[in-house]
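*Asks:* One structure is given below, represented as C-alpha cells, and several questions about it will come after.
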Amino acid sequence: MLQVSHLTKRYGHVTALGDVSFSIQPAEVLGLIGPNGSGKTTLFECLAGVLPADGGAVSRDGHVMSPAERSRAFFYLPDGVAPWPQQTVRWALAFADGFFGAAVDAAAHRVEGPDDGGIGDLVRVFDLEPLLDSRIGELSKGQRKRVLLAIGLLTPAPILLADEPFDGLDLKQTREIGSALRGFASSGRTLFLSIHQISDAARWCDRFILLSGGRVCGHGSLGEITGRTQTDTLEDAFLALT
Amino acid sequence: MRSRRSAFSWLVEKEARELVASRSWWVMLVAMGPLVGVSFIGAVRTYAEASGLNGTAAGVGEAFSPLVGVWAPTFSACEVAAAFLLPFVAIRLVSGDRQSGALKIELQHPMPPVARVGAKALVLLAAWMLAMAAPLLAIVLWRAYGGSLYPPELVTVEGGHVLNAGLAVSLAAATASLTEHPSTAAILTLSVTVGTWILNFIAAVQGGIWDRIAGYTPTAMVAEFQHGLVRLDVVLIALVLVGAGLAIAAVWMRLGVAVRRRASESIGVGAIAAAAIVACTFVTPSWDWSENRMNSFPRPDEEALKQIAGPLRIEAHLAPEDPRRADLERRALSKLRRALPRVQVQYVSATSIGLFEQTSAHYGEIWYELNGKRAMTRATTADSVLETIYDLAGVAAPPETDEIFRGHPLAVPPKGAAAVFYGIWPALGVAAAVFARRRTL
Chain X
11 MLQVSHLTKR
21 YGHVTALGDV
31 SFSIQPAEVL
41 GLIGPNGSGK
51 TTLFECLAGV
61 LPADGGAVSR
71 DGHVMSPAER
81 SRAFFYLPDG
91 VAPWPQQTVR
101 WALAFADGFF
111 GAAVDAAAHR
121 VEGPDDGGIG
131 DLVRVFDLEP
141 LLDSRIGELS
151 KGQRKRVLLA
161 IGLLTPAPIL
171 LADEPFDGLD
181 LKQTREIGSA
191 LRGFASSGRT
201 LFLSIHQISD
211 AARWCDRFIL
221 LSGGRVCGHG
231 SLGEITGRTQ
241 TDTLEDAFLA
251 LT
Chain V
-4 MRSRRSAFSW
6 LVEKEARELV
16 ASRSWWVMLV
26 AMGPLVGVSF
36 IGAVRTYAEA
46 SGLNGTAAGV
56 GEAFSPLVGV
66 WAPTFSACEV
76 AAAFLLPFVA
86 IRLVSGDRQS
96 GALKIELQHP
106 MPPVARVGAK
116 ALVLLAAWML
126 AMAAPLLAIV
136 LWRAYGGSLY
146 PPELVTVEGG
156 HVLNAGLAVS
166 LAAATASLTE
176 HPSTAAILTL
186 SVTVGTWILN
196 FIAAVQGGIW
206 DRIAGYTPTA
216 MVAEFQHGLV
226 RLDVVLIALV
236 LVGAGLAIAA
246 VWMRLGVAVR
256 RRASESIGVG
266 AIAAAAIVAC
276 TFVTPSWDWS
286 ENRMNSFPRP
296 DEEALKQIAG
306 PLRIEAHLAP
316 EDPRRADLER
326 RALSKLRRAL
336 PRVQVQYVSA
346 TSIGLFEQTS
356 AHYGEIWYEL
366 NGKRAMTRAT
376 TADSVLETIY
386 DLAGVAAPPE
396 TDEIFRGHPL
406 AVPPKGAAAV
416 FYGIWPALGV
426 AAAVFARRRT
436 L
C-alpha cells in the first residue's frame, strides 16, 4: 500500500494542493474526482515527479520513497498532449515498449495485463490496428487517448496515473476501455484515474478521492461516501461535499 | 519478447526520427548548397582572376594559398549556417518535446538528464556533419579543377566549424531548455550571438581585456581555424562552453525539480565553467597547420628565439583602432607569442582611434625590454621586430632561407559549381526530405 501524506503545491500565493493525504491500494481502480481547477492534474504531476511539490511525501510500507523509487512506481499519462506528433502509432508503441521496458525489466516491476500485456494485445484491446500507420499528430482526441493508454500500459510502472482517460471517447469506446482497464487492474496493475464525468467514475472505480480547491474533501468507496453524506449517488455526495 | 536495446539507443533513434521529421533541418540542409555555392563560386572566380592576371606562380606568396583564397570564404557559409540556421534546428529538437508533451512522458524514465541532452547533441552533431557535405563537395570540385589541396589545413578548418557548431548547439539547447517557448529561445540565442559581435566591436575600439575576451568568441575562434591555427586554449575553452551549455540544458530539462534548485545548479555550472575557462587561458600550446605557415615565423627564427631565456616586455604606444597596431599584431606579435611564451605585451594609448595622438612625441613608439636592456622602434613588420629582439638578446639573426611559399595559382573558372550548388544539391535535398518523411510512416 502507498500512502500519500501532506502533499502541498503552491503557485505563488495560490495553493494548488493543500495538505493532500490519501492511500493507494494495490490492484485497485482509484478515481480522482473534482471540478476544473481543483488540482487533479497538479496532484498527478507531483506524484509522477514531473512537477516539484512544495511539501509532503509518498511512502510504501512506512518507507518514504525517493524520487527515483516514485518514478519507478508511477507512470503518468497527461491529458491533452500529442507526443511525437510526426511519428506513427506503430513506432510510438514500439518506442514506449523499448524505452521504458529496457530500464525496468531487470527490476521485475512489470505487471502484465489481461493477456501478456504486449503491443499486440494492447493494439487489440484499444482497437489501434487501423491507426498503426497514422501519425500521432493527425489523430482525433479520442484516438490519441487510446494510444496514450496503450503507451502507459506498456510501461512497467505498477501504478498508472491517467488524466481524463475517457475524455474524447464515445460511449461504446468508454465502456470497452473502462472494461479493459478493470481487466488490467484485476491482473495486478493499479489505476488512478482523474475523471470529471462522475457517472463514468462511479461505474469503473473501486474507490474515490474527492478533490476541491486543492484539498481532499472526501474519500472511500461509493458506499462509504454516500453513507457518510447520506446521499444516494456519487454525484449527490460530490455536490454535498464541495 | 522485449528487445535488448538500451534505453539510450531508443532515445537516439527517437531524436533522429524527430530531426528527420522537422522542416527546419531540411531547410538548413537545402540552404547549405546555395550558401556554400555563392561563397565557393565567388572565391574560385576571384582566385582564378588573380592567378590569370599575374600569369606566374613564382613569388606570389599567401595571396594564392587556397586556404585563405578559397577555403576560408567557402567554409564561412558554415559560420552563417551555424549562427542563423543550426540554432533553430536545435531549438526545434529540444523545445518540440516540451511543446508536444513528450517531455513529460520521457522524463518518467529514470535516465540521467545528461544522457537525454547527450542524445540530442549526438543527433545534432551528426546532422551538422551531413550538412557539411556541401563544403566537402566544394573540395571535390576544386580537386576536379586541378586545385591544390593540403589536408592538414582543410581538416583544421573543418574542425573549427564542427567546434563552432557545437557551441551553437549547446547555446540553443540551453536556451530552449530554459524557456517555455521556442520563439523566446530563438530570441535569446540570437541575442547571445549578437552579443559576441558587440564584444568583438568593443574589443576593436577599447582593446585591453576586451581584446583578450573577444579572442574566445566563436567568430574569433573560427577566424583562427580558417587560418590553419589550432590553439589548445581556444579548443579547451570552446569545449568547456559546449559542456556548460549542455549541462545547463540538462539542469532545466528536469521539470520535476524546483526552479530555485535548478537556478542554483545553473549558477554552480556557470562558476565551474568560468573557473575552467580562466585556467584554460594559461594553456599556451598551439599548432600552425597552414601550408604556408602564415601563423609562424620562419623555422630558423623560431629556433633562434628559443635561445632567449628572459621575459620579453613590449610596450606599444598605439591606439586600438590604429591600423599599425593591427599590422603589428598580425605580422609579428601573434607569431611571437607562439614562439616565445614569456612575452608580455602592453598597449598604451589615450584614445581609441589614435588620430589625435599623432602629434604626441611618443605615439607610435614600440619599446622592447629584455634582461634590463631597452630598445625602441616604430616599425611594425616581422623583420624589424625580430631584428630588435635579436639585438637586445645578443643573438645572431639566422641567415635568410629560401623557404618561401610559392602558392598554388589556378586560373580556372568554377565550371559546373552553379549547377551543383544551386540546382542538384537543393533538388537532392528536397527529394531526400520527401523520401525520408515518407519512410517514417
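Residue numbers (our numbering), protein chains in the order written: chain X, 11 to 252; chain V, -4 to 436.
Quick reminder that beta carbons are idealized off the backbone N, C-alpha and C, glycines included.
These numbers were taken from a predicted model, which means no experiment stands behind them.
In the DSSP assignment, find the beta strand (DSSP E) that holds L171/X and state where it starts and stops.
*Replies:* I169 to D173
*Asks:* Taking the C-alpha atoms as reference points, what is the distance between A268/V and H206/X?
*Replies:* 49 angstroms
*Asks:* Return the chain-ordered list of same chain residues with a C-beta closer than 8 angstroms to the C-beta of H3/X, the five sequence neighbours on each side being excluded.
*Replies:* Beyond the ends of chain X as shown, which are 11 and 252, falls residue 3/X; an answer cannot be given.
*Asks:* Against chain X, with Cβ distances strictly below 8 angstroms, would E13/V count as a contact?
*Replies:* yes
*Asks:* So with CB distances below 9 angstroms, who are the chain V contacts of A78/X?
*Replies:* P105
*Asks:* Looking only at its chain, what residues have a beta carbon closer than 6 angstroms to the beta carbon of V118/V, apart from the 5 residues adjacent to it on each side?
*Replies:* E10, A11 and L14
*Asks:* Quick one: does W94/X have its CB under 8 angstroms from some CB of chain V?
*Replies:* yes
*Asks:* Name the residue from K151/X, S150/X, A102/X and A160/X whose alpha carbon lies nearest to the alpha carbon of G128/X.
*Replies:* A160/X
*Asks:* Are P107/V and L162/V touching if we call contact CB-CB under 8 angstroms?
*Replies:* no
*Asks:* Between A413/V, Y140/V, M248/V and V252/V, which lies nearest to L98/V when the distance is taken from Cα to Cα?
*Replies:* M248/V
*Asks:* Which residue wins for smallest C-alpha separation from D71/X, given the options M11/X, F105/X and T18/X?
*Replies:* M11/X
*Asks:* Decide yes or no for the touch test of the stretch 138 to 152 of chain V against the stretch 279 to 295 of chain V: beta carbon pairs closer than 8 angstroms, at least 3 of them.
*Replies:* A contact exists between the stretch 138 to 152 of chain V and the stretch 279 to 295 of chain V.
*Asks:* DSSP on V425/V, reduced to helix/strand/coil?
*Replies:* helix
*Asks:* Please list the residues of the stretch 67 to 96 of chain V that have a C-beta atom closer than 7 angstroms to any C-beta atom in chain X, keeping them in chain order.
*Replies:* Answer in chain order: S95 and G96.
*Asks:* At a CB-CB cut-off below 7 angstroms, which residues of chain X make contact with K115/V?
*Replies:* Neighbours of K115/V on chain X: none; closest Cβ ~14 angstroms, over 7 angstroms.
*Asks:* Just the C-alpha distance for L42/X and L53/X, rounded to the nearest angstrom, thanks.
*Replies:* 10 angstroms
*Asks:* For L61/X, return the contacting residues in chain V, with the cut-off set at a CB-CB distance below 7 angstroms.
*Replies:* L250 and G251
*Asks:* Give the DSSP-derived three-state secondary structure of R373/V in the structure shown.
*Replies:* Collapsing the DSSP output to three states places R373/V in coil.
*Asks:* In this structure, what does DSSP give as the bridge partners for D283/V?
*Replies:* L224/V
*Asks:* Taking the alpha-carbon of C227/X as reference, which of F248/X, D137/X and V157/X has the nearest alpha-carbon?
*Replies:* Taking only the C-alpha atoms, the option nearest C227/X is F248/X.
*Asks:* Among I146/X, D242/X, S15/X and P36/X, which residue has its Cα nearest to the Cα of L30/X?
*Replies:* Before going on, a small fix: residue 30/X reads as Val here, not Leu. Of the candidates I146/X, D242/X, S15/X and P36/X, the one whose C-alpha sits nearest the C-alpha of V30/X is S15/X.
*Asks:* Please list, in chain order, all residues of the same chain as A427/V whose beta carbon is under 7 angstroms from its beta carbon, the five residues on each side excluded.
*Replies:* Nothing meets the Cβ criterion.
*Asks:* Return the residue from the list A209/V, Y145/V, T191/V and D378/V that minimises the CA-CA distance to H222/V.
*Replies:* Y145/V
*Asks:* Within its chain, find whatever has a CB closer than 7 angstroms to the CB of D107/X; leave out the 5 residues flanking it on each side and keep chain order.
*Replies:* I129 and L164
*Asks:* Starting from V157/X, find everything on chain V with Cβ-Cβ shorter than 9 angstroms and list it in chain order.
*Replies:* Correct list: empty, because the minimum Cβ distance to chain V is about 12 angstroms.
*Asks:* Closer than 8 angstroms, CB to CB, is P88/X near chain V or not?
*Replies:* yes
*Asks:* In this structure, does DSSP put Y21/X in helix, strand or coil?
*Replies:* strand
*Asks:* At a Cβ threshold of 8 angstroms, is F109/X touching chain V?
*Replies:* yes
*Asks:* Does the count of Cβ pairs from the stretch 195 to 203 of chain X and the stretch 165 to 173 of chain X closer than 8 angstroms reach three?
*Replies:* yes
*Asks:* According to DSSP, what are the bridge partners of L132/X?
*Replies:* Note: L132/X sits in no beta bridge, so no partner.
*Asks:* Measuring straight from C-alpha to C-alpha, what distance separates A121/V and G28/X?
*Replies:* Each residue's Cα considered, the two are about 48 angstroms apart.
*Asks:* On the DSSP bridge list, what partners appear for L87/X?
*Replies:* A172/X
*Asks:* So F105/X contacts chain V; which residues on that side make the cut at Cβ distance below 7 angstroms?
*Replies:* W5 and K9
*Asks:* Since L173/V meets chain X, which of its residues come closer than 9 angstroms, beta carbon to beta carbon?
*Replies:* None at all; the shortest Cβ gap to chain X is about 16 angstroms.
*Asks:* Does any CB atom of chain V fall closer than 8 angstroms to the CB of S81/X?
*Replies:* yes
*Asks:* Using Cβ-Cβ distances below 7 angstroms, what residues of the stretch 32 to 63 of chain X are close to chain V?
*Replies:* A58, G59, V60, L61 and P62
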